[in-house]
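Numbering (the working numbering), first residue to last: 512 to 618. Think of the CB as a built atom: it goes at the ideal place given N, C-alpha and C, for glycine as much as any other residue. Working notes, beginning with the structure itself.
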Amino acid sequence: CGRVRVPAIEGPVPLTGALARAGDFTRALLAHEKSSETLKEALEVGGLAAPSALLFVGPEGGFTPAEVAAAEATGVRAVSLGPRVLRAETAALALAIRVLAALEDGE
Numbered sequence: 512c513g514r515v516r517v518p519a520i521e522g523p524v525p526l527t528g529a530l531a532r533a534g535d536f537t538r539a540l541l542a543h544e545k546s547s548e549t550l551k552e553a554l555e556v557g558g559l560a561a562p563s564a565l566l567f568v569g570p571e572g573g574f575t576p577a578e579v580a581a582a583e584a585t586g587v588r589a590v591s592l593g594p595r596v597l598r599a600e601t602a603a604l605a606l607a608i609r610v611l612a613a614l615e616d617g618e
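Written out as structure tokens, the structure reads:
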């Protein structure tokens, strides 16, 4: 496959702790079904010259409006994965695969 680094995938953590780490990454993206910005649009802005990404996927039922607002206040971008609502475990895989593909393709 040619990948020299295995992506680190962490288990569930409190949102506040994860948000505190957002500034350590080139990108911080939060999957949210009501976002008007698509994942593709978010990845196109600024390119991925120094690729590192922190990805947020909420629990079943999604993030609350207050959680989305708190994330956006720390610079995290809320993005839509498409018109369908995915189960949490499916959304995590879909988001990770699409970001990895974009990084490898140089989008």
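query: Touching by the beta-carbon criterion (3+ pairs, under 8 Å), the segment 527-547 and the segment 584-591; result: yes
query: Where residue 568 falls: helix, strand or coil (DSSP); result: coil
query: Whole alpha helix (DSSP H) elements within the segment 568-604, 4-residue minimum; result: 576-584
query: Residue closest to residue 582, alpha-carbon to alpha-carbon, out of 530, 549, 517, 520; result: 530
query: Where residue 542 falls: helix, strand or coil (DSSP); result: strand
query: Rounded separation between residue 570 and residue 518 - CA only; result: 21 Å
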